[in-house]
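All remarks here apply to the structure that follows.
Number of protein chains: 2
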Amino acid sequence: MADQTIKINLSESKKQKPQSDQLGFGKIFTDHMFMMDYIEGKGWHDPRIVPFQPLSLDPAAIIFHYGQTVFEGLKAYVTKAGEVHLFRPEKNMQRLNRSSDRLCMPQLDEEFALEALKQLIIIDKDWIPSAPGTSLYIRPFIIATEPYLGVTASKHYQFLIILSPVGSYYKEGIHPVKILVENEYVRAVTGGTGTAKTAGNYAASLKAQEVAEEKGYSQVLWLDGIEKKYIEEVGSMNVFFKINGEIVTPALNGSILEGVTRNSIIQLLKHWNLPVVERKISMDEIYQAYKNGQLEEAFGTGTAAIISPIGEFIWHGEELVINNGKTGELSKKLYDTLTGIQYGTEPDPFGWVVKVQ
Amino acid sequence: MADQTIKINLSESKKQKPQSDQLGFGKIFTDHMFMMDYIEGKGWHDPRIVPFQPLSLDPAAIIFHYGQTVFEGLKAYVTKAGEVHLFRPEKNMQRLNRSSDRLCMPQLDEEFALEALKQLIIIDKDWIPSAPGTSLYIRPFIIATEPYLGVTASKHYQFLIILSPVGSYYKEGIHPVKILVENEYVRAVTGGTGTAKTAGNYAASLKAQEVAEEKGYSQVLWLDGIEKKYIEEVGSMNVFFKINGEIVTPALNGSILEGVTRNSIIQLLKHWNLPVVERKISMDEIYQAYKNGQLEEAFGTGTAAIISPIGEFIWHGEELVINNGKTGELSKKLYDTLTGIQYGTEPDPFGWVVKVQ
Ligand SMILES: Cc1ncc(COP(=O)(O)O)c(C=O)c1O
Ligand SMILES: Cc1ncc(COP(=O)(O)O)c(C=O)c1O
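So the protein sequences, as listed, match chains Y and V. Going by my numbering, the residue at position 305 of the first sequence is 400; the numbering climbs one at a time, nothing skipped. Going by my numbering, the residue at position 285 of the second sequence is 380; the numbering climbs one at a time, nothing skipped.
Right under this line is the structure:
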């Protein structure tokens, strides 16, 4: 598979590229996309880069009815010197395969998928925006395409990669958000699909998100589905707390998505000789730490924002204001270091950056 | 909305209709389908019946990434006299709207949706198979079509109805199946999307189903996601038990799908003056009843099979054989009565049948 050649069919007309201040997130797509098909028995075949175009699918395709699909999200960054950086992309390909396993979907050759991704990026290189904080968001995904209404794993799939130039997450600089602690809706539960990056988890999250926004909060803090006591994630990010000098994040418990950013932060903190632990954390504990004046910082972590400082939680009607609603020192340092590594302005002690050339 | 006219564009070429013994389930589709679009601000518009054809969707459409979609499943039956019957279709349209609400999707005019369904069936009437046990499976569904990678409710949707002639669920007569009690994977949890008919629930169920099949069982019995103790559903059906003369089914608890068949069975049993209760039922209780010789029958209920008798459970390695692995009397009577009402060979005391004309 790894030496299969990718057919390339370039677009005849190029779309106009947006101004860097009009980018937003995930609305604009580049001129090309990668596609590859899978049929049971034959395996993955016909890898190709084609003009960005609509998909034509049977209305009975399993994706529409039973949501058999997995996806990934990562970014390409252009450096001042004009080099293109990916950040730990092999991690995303590994996670894609883990997600596929949970969803009864076929495995990809990770190296080949990464190679396909690089070729696509090279073709659409001019689409990578260069203004500070901007990047090219990369969305690899696999969908079940067999037209069949039986509730069973599809025998046909399509693997695609699409690219979207995205604006800076923080146009006015990194700033904290207000978070509603969610006591009713559940994102995922042990034995469910929370560890997989699959559509249903996000569909399940929309309602809580909608309610939170109506109340003036930007995201929800997800508690475990069993006791509604232990903290899992924030919005679609992992979450960290700094309590009395120690940094804690919920342990991977079978319903939390293992974030690449989360993993990188844990490594960085250890590298800095800061105490970091992965363990169960209850909302009660956070509340106690807050009351004792020991809740120093809280932040979400993920590819989109990298670090999203939390300025306030609302829990059973009570407001827990953290660090006077300001971005904490550690949050800022992590943000600067990680984005610095990604954009090539900081050293990369772990060899996380993969250059596209 | 209800008086909006449906544009009709008939197919120029008709597909060949299958022999009734080659029908299977959900693989063959009729000549036409119904479509209607939604845009925020404009509402539902452009209802139309068109030739069955592929959908053309942007690869960034929300359905592919975040699974925002709901669906229904019901059947049309042709009677000996050539009349076309639907079974409580208004229940499906109501449930579709309830599902949409959970998924932050727009409501449909239920009457109009039913009218559209009827018009489509009339056009493809010749596709309804007439051999015993065969029917026309109807799949209404709504998908989020806006091309946007933000995790948020779509502003564009498509509502579709497709039709599939299906074979008899029981080619060799109604017969019991073996069921694995699932102790690891979870279908749905309180606060999640279990009460909605939405793709992610089915995606989550595939793995357990695959494992069960490898072990020689046809479906799994789903326990609650919190204590893994209480019975919820079987495969994608509701479940009933007859214990010492009393019929019990799990109460609707916030993670169980409210089946139309389930509701109809409860009404029928009451009509027959048989004791029927909806309550929490633990697997321990079923095991005790089995040990005491009081577990008389068990069966799944749903539109596809109507009644699916359970001949055996396997739980922690122990086989619980029910009624000697044979179809119980009550299961058979319910099956005969419900299918009799549907095919018009039995009286319809509740006015459940809706004629299409
Ligand atoms: C549910 C969820 N949790 C956490 C994350 C963070 O993962 P990563 O750091 O790999 O972006 C994501 C993805 O971005 C996510 O969708
Ligand atoms: C998860 C699930 N439970 C139960 C049922 C039974 O519902 P109904 O009787 O309306 O077909 C279905 C659908 O068929 C289902 O998908």
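No residue lacks a Cβ here, since even glycine has one placed at the ideal position from N, Cα and C. Model, not experiment: these values are computed from the prediction.
Hey, is Leu198(Y)'s beta-carbon within less than 7 Å of any beta-carbon in chain V? Within the first sequence, the letter at position 103 stands for residue 198(Y). Chain V contact via Cβ: present.
If we count Cβ pairs, one from each stretch, closer than 8 Å, do we get three or more for the stretch 353-368 of chain Y versus the stretch 300-308 of chain Y? no
Length at least 3, wholly inside the stretch 163-218 of chain Y: the beta strand (DSSP E) runs in chain order: 164-166, 169-173 and 179-182
Just the chain Y side, please: which residues come within less than 8 Å of Thr288(V) by C-beta, in chain order? Stepping through the second sequence from its first residue, residue 288(V) is reached at position 193. By Cβ distance, chain Y contributes Gly295, Ala298 and Ala299.
Mark Asp221(V) as exposed unless 16 or more other C-beta atoms lie within 10 angstroms of its C-beta, in which case mark it buried. Working through the second sequence from its first residue, we reach residue 221(V) at position 126. Asp221(V) should be labelled exposed.
In chain order, what are the residue ranges of uninterrupted beta strand (DSSP E) at least 3 long that sit wholly in the stretch 357-395 of chain V? 371-374
Is it the case that the CB of Val355(Y) approaches a heavy atom of ligand 1 more closely than 6 Å? As a first step, residue 355(Y) must be located in the first sequence, where it is residue number 260. Correct: Val355(Y) has its Cβ closer than 6 Å to ligand 1.
Output needed for Lys427(V): all residues of its chain with C-beta closer than 7 Å, excluding positions within five of it in sequence on either side, in chain order. If you number the second sequence from 1, residue 427(V) lands on position 332. Answer for Lys427(V): Ile269, listed in chain order.
Measuring alpha carbon to alpha carbon, tell me which residue in Tyr232(V), Ile237(V) and Leu212(V) is nearest Tyr264(V). Taking the first residue of the second sequence as position 1, residue 264(V) is located at position 169. The shortest Cα separation from Tyr264(V) among Tyr232(V), Ile237(V) and Leu212(V) belongs to Tyr232(V).
Would you say the beta carbon of Glu328(V) comes nearer than 6 Å to a heavy atom of ligand 2? One-based indexing of the second sequence puts residue 328(V) at position 233. Yes, the Cβ of Glu328(V) comes within 6 Å of a heavy atom of ligand 2.
Along the stretch 140-162 of chain Y, what residues have a CB closer than 7 Å to any CB found in chain V? Pro149, Leu150, Ser151, Leu152, Asp153, Pro154, Ala155, Ile158, Phe159, His160, Tyr161 and Gly162
On the DSSP letters alone, give me the boundaries of the beta strand (DSSP E) that Glu241(Y) sits inside. Indexing the first sequence from 1 puts residue 241(Y) at position 146. Glu241(Y) -> no beta strand (DSSP E), and no H or E assigned at all.
Ser313(V) and Lys273(V) look like a contact to me (Cβ under 8 Å); what is the Cβ gap, rounded to whole Å? Position 218 of the second sequence, counting from 1, holds the residue named residue 313(V). Position 178 of the second sequence, counting from 1, holds the residue named residue 273(V). Indeed they touch by this definition, with Cβ atoms about 6 Å apart.
Tell me which residues share the same chain as Gly435(V) and place their Cβ nearer than 6 Å to its Cβ, disregarding the 5 neighbours each side in the sequence. In the second sequence, residue 435(V) corresponds to position 340, counting from 1. Excluding sequence neighbours, Gly435(V) sits near Glu441.
For a test of the three-state rule: what should DSSP assign to Asn104(V), helix, strand or coil? As a first step, residue 104(V) must be located in the second sequence, where it is residue number 9. Three-state result, Asn104(V): coil.
Check the C-beta distance from Asp126(V) over to Pro146(V) and give it rounded, since I have them as a contact under 8 Å. If you number the second sequence from 1, residue 126(V) lands on position 31. If you number the second sequence from 1, residue 146(V) lands on position 51. Yes, Asp126(V) and Pro146(V) are in contact; Cβ-Cβ is about 6 Å, under 8 Å.
Any heavy atom of ligand 3 closer than 6 Å to the CB of Leu212(V)? Although ligand 3 was asked about, the structure shown includes only ligand 1 and ligand 2 as ligands.
Quick one: does Leu215(V) have its CB under 7 Å from some CB of chain Y? Here residue 215(V) refers to the residue found at position 120 of the second sequence. No, no contact with chain Y.
How would you label Phe292(Y), buried or exposed, when you count the other beta carbons within 10 angstroms and need 16 or more for buried? Translated into positions along the first sequence, residue 292(Y) becomes position 197. As written in the sequence, residue 292(Y) is Lys, which differs from the Phe given in the question. The residue in question, Lys292(Y), is buried, as its Cβ has 16 or more Cβ neighbours within 10 Å.
Per DSSP, which residues does Tyr430(Y) bridge with? Please list them. What you label residue 430(Y) is simply residue 335 of the first sequence in a count that begins at 1. In DSSP, Tyr430(Y) forms no bridge with anything.
Nearest-angstrom Cα separation, counted from Met200(Y) out to Phe182(V): Locating residue 182(V) in the second sequence gives position 87, counting from the first residue. Locating residue 200(Y) in the first sequence gives position 105, counting from the first residue. If I take the Cα positions, the gap works out to 35 Å.
Compare the C-beta of Phe129(V) against all C-beta atoms of chain A and say whether one is closer than 7 Å. Absence of chain A from the displayed structure is noted, the protein chains being Y and V.
What residues of chain V sit near Lys302(Y), judged by a beta carbon separation below 8 Å? Numbered from 1 along the first sequence, position 207 holds the residue referred to as residue 302(Y). Under the 8 Å cutoff, chain V gives Arg197, Leu198 and Cys199.
In terms of residue numbering, what span does the beta strand (DSSP E) encompassing Asn333(Y) cover? Mapped onto the first sequence, residue 333(Y) falls at position 238. Looking at the DSSP string, the run of the beta strand (DSSP E) that includes Asn333(Y) is Asn333 to Ile338.
Say yes only if the C-beta of Thr398(V) is nearer than 6 Å to one or more non-hydrogen atoms of ligand 2, and no if none qualify. Counting from one through the second sequence, the residue named residue 398(V) turns up at place 303. Indeed, a heavy atom of ligand 2 lies less than 6 Å from the Cβ.
Would you give the residue range spanned by the beta strand (DSSP E) that Ile86(V) belongs to? With chain V running from 96 to 452 in the structure shown, residue 86(V) is simply not present.
Residues from the stretch 326-344 of chain Y in contact with chain V, defined by Cβ distance under 9 Å: Gly330 and Ser331
Comparing the CB of Ser313(Y) with every heavy atom of ligand 1, is any distance shorter than 6 Å? The residue given as residue 313(Y) occupies position 218 in the first sequence. Every heavy atom of ligand 1 is 6 Å or more from the Cβ of Ser313(Y), so no.
Mind reading off the beta-carbon distance from Ile405(Y) to Ile417(Y)? Whole number of angstroms is fine, and I expect it under 8 Å. Here residue 405(Y) corresponds to residue number 310 of the first sequence, with the count starting at 1. Here residue 417(Y) corresponds to residue number 322 of the first sequence, with the count starting at 1. Going by Cβ atoms, the distance from Ile405(Y) to Ile417(Y) rounds to 6 Å, so yes, they are a contact pair.
Distance between Arg143(V) and Ala49(Y) (C-alpha atoms, nearest Å): Outside the displayed range of chain Y (96 to 452) lies residue 49(Y), so it cannot be described from this structure.
Any chain Y beta carbon closer than 7 Å to Leu316(V): Here residue 316(V) is taken as the residue at index 221 of the second sequence, counted from 1. Chain Y contact via Cβ: absent.
List the residues that DSSP assigns as beta-bridge partners of Asp221(Y). Position 126 of the first sequence, counting from 1, holds the residue named residue 221(Y). Bridge partners of Asp221(Y): none, in fact.
Bounding residues of the alpha helix (DSSP H) (the contiguous stretch that carries Val281(Y)): Taking the first sequence and counting its residues from 1, the one referred to as residue 281(Y) is at position 186. First-last for Val281(Y): undefined, no H or E at that position.
Counting only C-beta atoms, is Ala248(Y) closer than 7 Å to chain V at any point? Within the first sequence, residue 248(Y) is the residue found at index 153, counting from 1. So, interface residue.
I'd like to confirm something about Asn333(V): is its beta-carbon nearer than 6 Å to some heavy atom of ligand 2, or not? Within the second sequence, the letter at position 238 stands for residue 333(V). Yes, Cβ of Asn333(V) sits closer than 6 Å to a heavy atom of ligand 2.
Tell me whether Lys352(Y) counts as near ligand 1, meaning its Cβ is closer than 6 Å to at least one heavy atom of that ligand. As a first step, residue 352(Y) must be located in the first sequence, where it is residue number 257. A quick correction: the sequence has Leu, not Lys, at residue 352(Y). Indeed, a heavy atom of ligand 1 lies less than 6 Å from the Cβ.
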